[in-house]
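Residue numbers (my numbering): 17 to 279. Before any comments, here is the structure.
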């Protein structure tokens, strides 16, 4: 958020406070903080102060009840990733579902670039530098090692080596925090993780018609606990429900399919 935008929002916050609408004023303050500005209230009024630079990258995973996986992830990140980064392990809070927990982690992270991992991922080399480099290209909305493309349409997706793909799988995906917030994060209706990553990739890409790119990374996939914890019938039921929700929103956007552009 640039200073002119921040000044306008600060003025709106002052108006809301004068009207004693303190809940809305607090939301305006939170928007300013997310945009990189701190509000300092004093006897002469309120003023803006730029927040200290954020970390280069925020690394996020969720411990869904298998702490040994989160520990393996943490140790591998600490061993191989260089630079200024944050490690955040989010414990599931209440019964808000997969997307709700991840969205809270995105809001809490203090970094310009966020890298979301499934706890099944073990890092065997530096992942921060190549993913951060990919997102320096303003045409790239999301990047990661595992990409998918639609098979002739939006009703079926398959793995694809890229470099340009339709979506990045949630095992490991990097995106800008500001972009994620601007599209409302992951769809909170996705209480199960399946298809949420594809839908989120489409959200980010549709904003400015940007790209999803595969970045080869030194990572290893271990057992995916959330998948294995479900019976085959339950996996099918939850996956279908999520996919129908994806289609309801994006069925008319085949222009976002990379194959339709000849790439």
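Backbone N, C-alpha and C fix where the C-beta goes; we use that ideal spot for every residue, glycine too. Computed from a prediction, not measured in an experiment: that's the story for all the values here.
Contact between the stretch 178 to 186 and the stretch 214 to 221 is present: three or more C-beta pairs spanning the two stretches fall below 8 Å.
If you ignore the 5 residues before and after residue 50, its C-beta comes within less than 7 Å of the C-beta of 197, all in its own chain and listed in chain order. For the stretch 130 to 198, the full-length beta strand (DSSP E) segments reaching 3 residues or more read 137 to 139, 156 to 160, 163 to 166, 173 to 176, 188 to 192 along the chain. Nearest in C-alpha terms to residue 146, of all of 173, 129, 22, 106, is 129. The residue among 273, 204, 23, 237 with its C-alpha nearest the C-alpha of residue 62 is 23.
When rounded, the separation of the alpha-carbon atoms in residue 190 and residue 135 is 15 Å.
Taking one beta carbon from each stretch, the stretch 263 to 274 and the stretch 160 to 174 have 3 or more pairs nearer than 8 Å; the two touch.
Taking a C-beta distance under 8 Å as the contact criterion, residue 53 and residue 64 qualify as a contact pair. With a cutoff of 8 Å on beta-carbon distance, residue 127 and residue 193 are scored as near each other. Contact between residue 125 and residue 212 does not hold, since the beta-carbon distance rounds to 18 Å and is not under 8 Å. Put simply, the backbone Cα of residue 221 is about 32 Å away from that of residue 88.
Counting along the chain, residue 236 sits inside no alpha helix (DSSP H); it lies in the beta strand (DSSP E) bounded by residues 235 to 237. Counting along the chain, the unbroken beta strand (DSSP E) around residue 58 starts and ends at 53 to 58. With fewer than 16 other Cβ atoms inside 10 Å of its own Cβ, residue 27 counts as exposed. Leaving aside the five residues that flank residue 151 on each side, the residues in its chain whose CB is nearer than 8 Å to its CB run, in chain order, 129, 159, 190, 191, 192. Following the DSSP letters along the chain, one finds residue 228 inside the beta strand (DSSP E) bounded by residues 227 to 230.
The Cβ atoms of residue 105 and residue 117 lie no closer than 8 Å to each other.
When the alpha-carbon of residue 73 is set against those of 80, 92, 149, the nearest one is in 149. Measuring C-alpha to C-alpha distances from residue 242 to each of 207, 271, 257 identifies 207 as the nearest.
DSSP, read as helix, strand or coil, puts residue 274 in helix. Counting the other Cβ atoms within 10 Å of the Cβ of residue 247 gives fewer than 16, which makes it exposed. For residue 249, the enclosing alpha helix (DSSP H) stretches over residues 248 to 266. Taken atom to atom, the span from the alpha-carbon of residue 188 to that of residue 176 is near 15 Å. Rounded to the nearest angstrom, the Cβ distance from residue 227 to residue 164 is 14 Å, too far for a contact under 8 Å. Within the same chain, 40, 41, 44 come within 7 Å of residue 32 by CB-CB distance, once the 5 residues on both sides are set aside.
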